Amino acid sequence: MWKRLIRGWKIIKQYFSNCGIHGVSYLVDDQLSYPERLFWLVSCIVCWYGCTIMIRDVVREYIMYPIAVTAETMYLDWETPFPAVVFCISSTKKIKSKYFRRNPAALTNYSNPNLLLATSEELLSAYEEARFPCTELLAECTWNNMKFNCCAEFQELRKTGVGYCLAMNTYQLGDNSVRYFVNRTVKYGDLVIDVHMASKTKNYLLTEFTVHLLNNLQLPTFKNLDNDVIRMTAGKTNRIEFTMVDTFNEAGVDKVAVEYRDCRFQQEKRPNNMFDIYSSDACFLETVINRMIEFCGCVSFYYFVPNGARVCNGTEMTCIIANKTEITYQSMGQRCLPNCEGTSLTLTRWDPHDYESPGRSYSRFHFALLSHPTVRYRRYVVNDLLDVAGENSPVNNIFRRMPRSNSRISISFVNLPSRVCLV
3 MWKRLIRGWK IIKQYFSNCG IHGVSYLVDD QLSYPERLFW LVSCIVCWYG
53 CTIMIRDVVR EYIMYPIAVT AETMYLDWET PFPAVVFCIS STKKIKSKYF
103 RRNPAALTNY SNPNLLLATS EELLSAYEEA RFPCTELLAE CTWNNMKFNC
153 CAEFQELRKT GVGYCLAMNT YQLGDNSVRY FVNRTVKYGD LVIDVHMASK
203 TKNYLLTEFT VHLLNNLQLP TFKNLDNDVI RMTAGKTNRI EFTMVDTFNE
253 AGVDKVAVEY RDCRFQQEKR PNNMFDIYSS DACFLETVIN RMIEFCGCVS
303 FYYFVPNGAR VCNGTEMTCI IANKTEITYQ SMGQRCLPNC EGTSLTLTRW
353 DPHDYESPGR SYSRFHFALL SHPTVRYRRY VVNDLLDVAG ENSPVNNIFR
403 RMPRSNSRIS ISFVNLPSRV CLV
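Residue numbering for the sequence shown is 3 to 425, as defined by my numbering.
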């Protein structure tokens, strides 16, 4: 047994004497005293421990915090999409007179008693009246003094709970639907839209017609129903001025796991996604719809109905109204990641005025970009594999055999973040 231990120690000693791990050879150097060997043993252990902590922290930073966002002003080659414009008709005369005295999107407690007798088919029929023909709604559209076909650009959005909506320049209508940009060639954005105010539409368009200016991924929802809503006035011009800041993602950001970059790209749809692309608004609406099904077994006729679900009748609508807090407000607390893309808008609305008004039979909306974007946010990968290798390069020195000096003890220092290793 003793001979085996001696033989084993000789093997270990021979290995340490010729090992490439820096500092290990001093542990078995017969020319060093035991206190000197103890010094090198303690030094190696402390250094190895520090290097292990450093490697752990670097890898943790790489995994947990790989993304950073900064602002930049080198804007000459930028191309920023013009915002999406959305027109919504929130209610109709039939809905207000027979079922809901207030906007159905608000899910208010006070409703018409006739609602209890309504079937889901009757509620859907009442909603269909809000589908106002585009040609009878929009009269003329102009982009930077060039006219275009309004109804070729304004298309119907999927139901979002606020009513019948037509939108232009939004990714929610397809990949090729965003065609209006501002860049160094198109240095300003000026959109003018005239809306018909015929007698048959004027009565409820003035009260039930809302206009939203959103970024190209947003959807009109009850969350922004009372925010950034623009009302129309017959015979007057509504001027909406705004500035915008875009977000640019460098190559490699999409390769980082969603949970670590803390945002989603539009093509990164969640499981059982109800909308064609991902957006934080679409995620919120999906949560609301799922909670309607969970609490009441059906979906409001003002919302998109997924496959396998059904539209609520009047009695079931009272269930949704009774559970409004659990369905809507608690859905806001659900984990819907923000979009990695999109612009941030700052709006300034002027009171309706008669300047350049199109006449009493029309109402005009003038959307004007105040200035060419001079700042944008840039999201980039701050910790990639090359950074990990670079930050760990001092560790390699520990495992690199250094030439023995003529002195009995050679001390070199390896710089580590917040630590010094003696080897």
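We put the beta carbon where it would ideally sit given N, CA and C, even for glycine.
Computed from a predicted model, the values in this text were never measured in an experiment.
Close beta carbons around residue i, own chain, < 6 Å, minus the five adjacent residues each side
i	result
Arg263	Ile69
Glu155	Met170
Asp283	Gln220, Leu221 and Thr223
Gln336	Thr289
Ser346	Val247
Own chain partners of residue i with C-beta closer than 7 Å, once the 5 adjacent residues on each side are dropped
i	result
Ser92	Asn105, Ala107, Val164, Gly165, Glu210 and Thr212
Asp196	Ala141, Glu142, Pro360, Tyr364 and Arg366
Ile295	Val301 and Ala311
Ala253	none
Separation of residue j from residue i, as counted between CA atoms
i	j	result
Met319	Ala132	19 Å
Ala324	Asn114	15 Å
Arg312	Arg266	30 Å
Gly344	Asn218	7 Å
Thr137	Pro354	24 Å
Tyr17	Cys53	22 Å
Leu193	Phe286	30 Å
Asp177	Gln269	10 Å
Ser35	Arg9	22 Å
Ile65	Arg39	39 Å
Gly237	Trp352	15 Å
Asp256	Pro340	14 Å
Asn185	Phe84	10 Å
Lys326	Phe224	12 Å
Ala120	Gly316	5 Å
Phe150	Lys161	26 Å
Val30	Glu261	49 Å
Tyr67	Asp79	29 Å
Ser99	Leu117	10 Å
Asn240	Glu74	33 Å
Lys5	Ser19	21 Å
Leu139	Ala200	9 Å
Leu159	Gly299	24 Å
Glu63	Ala259	14 Å
Phe297	Ile291	10 Å
Val188	Met76	17 Å
Leu175	Asp59	44 Å
C-beta atoms of residue i and residue j nearer than 8 Å
i	j	result
Val426	Phe277	The question about residue 426 has no answer, for the chain in this structure spans 3 to 425.
Tyr129	Tyr305	no
Ile279	Ser302	no
Leu372	Thr172	no
Thr82	Pro273	no
Leu349	Leu215	yes
Ile242	Arg293	no
Cys153	Phe89	no
Ser127	Cys314	no
Cys338	Thr289	yes
Asn147	Tyr190	no
8 Å CB neighbourhood of residue i in its chain, flanking five on each side removed
i	result
Asn309	none
Thr72	Tyr379, Arg380 and Tyr382
Lys15	Val30
Lys96	Ala128 and Glu131
Ile426	Limits of the chain in this structure are 3 at one end and 425 at the other, which puts residue 426 out of reach.
His198	Glu138, Leu139, Leu140, Ala141, Ser363 and Tyr364
Tyr28	Leu34, Glu38, Arg39, Trp42 and Ile411
Q: Enumerate, from N- to C-terminal direction, the unbroken alpha helix (DSSP H) stretches of 4 or more residues contained entirely within the region 264-310.
A: The region 264-310 contains these whole alpha helix (DSSP H) runs: 282-298.
Q.
Closer than 8 Å is the cut-off here; do at least three beta carbon pairs connect the region 371-381 with the region 246-256?
A. yes
Q) Hey, is the region 174-187 in contact with the region 43-50, meaning 3+ C-beta pairs nearer than 8 Å? A) no
Q.
For a minimum of 4 consecutive residues, which ranges assigned as the alpha helix (DSSP H) are wholly contained in the region 101-142?
A. 122-130 and 136-139
Q | Entirely enclosed alpha helix (DSSP H) segments - the region 7-89, minimum 4 residues | A | 36-66
Q: At 3 residues or longer, and completely inside the region 326-377: list those beta strand (DSSP E) runs for me, N to C.
A: 345-351 and 364-371
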